[in-house]
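Residue numbers (my numbering), protein chains in the order written: chain B, 143 to 659; chain G, 143 to 659.
Glycine residues also receive a C-beta, built at the ideal position from the N, C-alpha and C atoms.
In this text the structure is predicted, and so the values were computed from the model without any measurement.
Below is one structure, written out as structure tokens; the observations come after it.
Dropping the structure here:
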């Protein structure tokens, strides 16, 4: 699969391209990690860390054109911090900044003018949707955005590929000496998993909080010895956008049928037994698979080992019913997850490094039996696109998609074969987010396909009487319903480089063609 | 004080000497930390980590002459791991090894022959007592031992001054993927604080356990992504030596008088108020001071912030009575501390880095109001020796002594003026462990001395009617009881270099003269 994608050797504004070389084939230089890593900085003993005004704090910091500032996305679409900091930096006339948020949401649309005026010229993220993603697709960012995965980001930070000058860490709970957590205060978001690498490695770490507690903060997730400054602001986010009250299982009968068939795949795979580990996204069909699994585990009295990833109330319920002994939580999706993370010792936080970094000594994704994932597009090689829409516009990114697919014993994609009159399976995916060699099964409403690399699995599913097709057959079924989709109109200009989790380049995203009037 | 100690510019087997330059005066090169730091190592995905036999594991490891192997001391005088590993390396004929245990106890006397035969030629530690310390004093180690503090050790590891090839981490609880804790199993020792820097930075990390639990281990203190191998052995230690059942307050009336006077000093210092933070060692007099403080805080309805350091049941009781809101625990001294650490979220673990590294962004010692410490010797400059006995023989080391003294607002030394017919106060301490400029008060059974640097404190204690003397006066009192002590007979050969917590050299220890027959 590696050799099918044509990549330039050099990308202006990105540099030399090391092409994707297989799931575990990328270069790994044991001697490199620390070389480029940004220096630690000693604090003067007893120096006060607390500031109550962003501008006074910025006066203290070593700000310069071209620097990299990082953010985490645990406040999701309710985040105030990224916009406020960047607008203040714009006001100071800083230029050519690189921002490195772990994800970007529609609320960050306020930053589009900063792309246009050259305040922000570089962007490194794992996921983006909304006006800022549109602006990148339209070529408004000077240099190509780098899009990596939730495991690729801590890898890049820890290995020095992404040196951070200042990390701004939104902290729902903090004390004046910089102990931080995500479970206190009005903006509680749960685990702060994606912020750990930034806290460990950034030259300067600024916590931004709207809720100070007495020293020392209990519990502490990110401790004081990693934090230079604490900025107290009025509000770090809008709780309505931070976590949803509850996450919803799909009610669509087609989605529910896919979920039932996905469960049959899991059952036939022989992985549904004591000690099972499981991850699913927070999408409606994925949650429906979790619900099916819950019923199956109860019926067969199976006790699982752990559930992992971004956590929803569904997973919490399964742990509380004794179906999983533990949860590894990198990010809480709803209030039930936040509550459980706060209360239950078996609901453990994990950093992005522990979750999914391919270059550490054993990430949690490597211990996964089953992961259930979605897809925007697939192709006959089982490649998955969750980065761009079929029009070529950026509307997502890997998040943990590529990481869990590579780590899990069984990677299952669940999707309708046709959505909004667009077929799932294309000649070639518009953008490769997750390489097909890490994907085992596709379950659609009109049949199931097994990756030819997994002959054992094909045999097991066939023996179970499941409706198996080749990808070519499923593709033809889809096209019979919709007609062959027209190819995407794009220009030559590269607006984003898609890095695989190991830092190699797996694909590029090109500027979308101007809309016809 | 810095210029009073004559240090060579170069020490054979150690290298160039950067002399101590004041509490916060040592060199700090922000760009240096990562440069020499040992590389991380990626694990093959899904590689099994578990070995059940030390020799099979050693066959897998990259063993070579001159390498550095590290250990932690949470199993204290009950530790089996250091001896077993080193004897196995000796058997394989390895030479010129550097060992870097965070402390050494009498149980490690079995390693003396390895000094004699050249298996071990270098030693880096924070504390040592027993036959191995004697052997170093007698010149049996080829190169000078480096003796640092509990904060200096993680600093050295994180900054690359002490690169570790293999860290062997004794783990009372573990799972097969290398999640580790100190609270499970028959060898439970509590916090694993001193092992964190090793786990983060060693090129190879081997967990050694006698208690495997189901994956994932709950709670986990050191996570799997830092651990390369898990070695399951029969026993990692002797519980009788790991923690004492309970730690005992002195019953000696002289010790109790010192404790009462120390409390008067604390009260006069104006630091005994809400929000108070406090640390004390586990010695009998220090524990008596804690008991006095407990009574005072109850009587005056004072609620403290935190107690820190190595933790005893005394501190746990004070937290459980509501006198401290939290505990920062780097090491549990007794079973009560282990129990509390396991059960109580407010009893937080801390790494040696968080505890006391002078070059991070704010260690817990910097937040301490009061620390109570012991002393083997002092001098008129308030320098403290807890490294060597008055005969010049190594029988201890800083541990957290120099760290807490530098960090705390008020550093109080409690000691009898004369012990076993030897006066506490000398012309010059045999070895400087903790520089006098970080020591505020000495409380003895025959009077109190205040460091002239703390005029404010002298005035407060004088106003409180406490029996104040100069160090010269106390020294004369001691000598009136014992006569002037004879000077220590030592040779020219340097057997240990005492590093201050910032990596500068504060003193050296010379080989003791042969005993007269």
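Residues that residue i contacts on chain B, provided the C-beta gap is smaller than 9 Å
i	result
residue 188 of chain G	504, 508, 509, 549, 551
DSSP state of residue i mapped onto helix, strand, coil
i	result
residue 161 of chain G	strand
residue 384 of chain B	helix
residue 561 of chain G	strand
residue 343 of chain B	helix
residue 660 of chain G	What the structure shows of chain G is the stretch from 143 to 659, and residue 660 of chain G is not part of that stretch, so it cannot be assessed.
residue 152 of chain B	strand
residue 490 of chain G	strand
residue 606 of chain B	coil
residue 363 of chain B	coil
residue 649 of chain B	strand
residue 378 of chain B	coil
residue 299 of chain G	helix
residue 325 of chain G	coil
residue 371 of chain G	strand
residue 355 of chain B	coil
Backbone CA spacing between residue i and residue j [nearest angstrom]
i	j	result
residue 412 of chain G	residue 639 of chain G	38 Å
residue 666 of chain B	residue 276 of chain B	A question about residue 666 of chain B goes unanswered here, because the residues of chain B that appear run from 143 up to 659.
residue 468 of chain G	residue 449 of chain G	7 Å
residue 648 of chain G	residue 534 of chain G	16 Å
residue 536 of chain B	residue 333 of chain B	27 Å
residue 392 of chain G	residue 586 of chain G	15 Å
residue 521 of chain B	residue 598 of chain B	21 Å
residue 472 of chain G	residue 190 of chain B	24 Å
residue 570 of chain B	residue 421 of chain B	27 Å
residue 512 of chain B	residue 554 of chain B	8 Å
residue 625 of chain B	residue 149 of chain B	30 Å
residue 609 of chain B	residue 193 of chain G	43 Å
residue 480 of chain G	residue 341 of chain G	21 Å
residue 602 of chain B	residue 408 of chain B	10 Å
residue 612 of chain B	residue 159 of chain B	33 Å
residue 316 of chain B	residue 325 of chain B	10 Å
residue 490 of chain B	residue 353 of chain G	21 Å
residue 115 of chain G	residue 322 of chain G	There is no way to answer for residue 115 of chain G, as the model of chain G reaches only from 143 to 659.
residue 308 of chain G	residue 223 of chain G	13 Å
Chain-ordered chain B contacts of residue i [CB-CB under 8 Å]
i	result
residue 468 of chain G	358, 360
residue 496 of chain G	365, 366, 367
Sub-8 Å separation of residue i and residue j beta-carbons
i	j	result
residue 419 of chain G	residue 527 of chain G	no
residue 466 of chain B	residue 424 of chain B	no
residue 651 of chain B	residue 454 of chain B	no
residue 348 of chain G	residue 199 of chain G	yes
residue 433 of chain G	residue 456 of chain G	yes
residue 273 of chain G	residue 243 of chain G	no
residue 196 of chain G	residue 375 of chain G	yes
residue 541 of chain B	residue 156 of chain B	no
residue 287 of chain G	residue 267 of chain G	yes
residue 328 of chain G	residue 361 of chain G	no
residue 214 of chain B	residue 336 of chain B	yes
Per-residue contacts from residue i into chain B (C-beta, under 7 Å)
i	result
residue 310 of chain G	Within chain B, no residue comes near residue 310 of chain G; the closest Cβ sits about 15 Å away, beyond 7 Å.
residue 368 of chain G	503
residue 488 of chain G	360
residue 152 of chain G	The contacting residues do not exist; residue 152 of chain G stays about 27 Å from chain B at best.
Residues that residue i contacts on chain G, provided the C-beta gap is smaller than 9 Å
i	result
residue 595 of chain B	The premise fails here: residue 595 of chain B is roughly 16 Å from chain G at the closest Cβ pair, so nothing lies under 9 Å.
residue 447 of chain B	356, 357, 358
Chain G contact residues for residue i, given Cβ-Cβ distances below 8 Å
i	result
residue 499 of chain B	367
residue 320 of chain B	503, 504
Within chain G, the residues that residue i reaches when beta carbons sit closer than 7 Å
i	result
residue 600 of chain B	Those do not exist, as residue 600 of chain B stays about 22 Å from chain G at its closest Cβ, beyond 7 Å.
Ranges of the beta strand (DSSP E) found wholly within the segment 212 to 280 of chain G, counting only runs of at least 3: Those beta strand (DSSP E) runs which fall completely within the segment 212 to 280 of chain G and span 3+ residues are 239 to 243, 262 to 267.
Runs of alpha helix (DSSP H) lying entirely within the segment 390 to 477 of chain B, each at least 4 residues, in chain order: For the segment 390 to 477 of chain B, the continuous alpha helix (DSSP H) assignments of 4+ residues that do not extend past its boundaries occur at 395 to 410, 426 to 441, 455 to 462, in sequence order.
- prompt: Which parts of the segment 183 to 210 of chain G are runs of the alpha helix (DSSP H), unbroken and 4 residues or longer, counting only runs that do not cross its ends?
  reply: With a minimum length of 4 residues, the continuous alpha helix (DSSP H) runs that stay inside the segment 183 to 210 of chain G are 196 to 202.
Runs of alpha helix (DSSP H) wholly within the segment 510 to 550 of chain G (minimum 4 residues, chain order): Counting only runs of 4 or more, we get 543 to 549.
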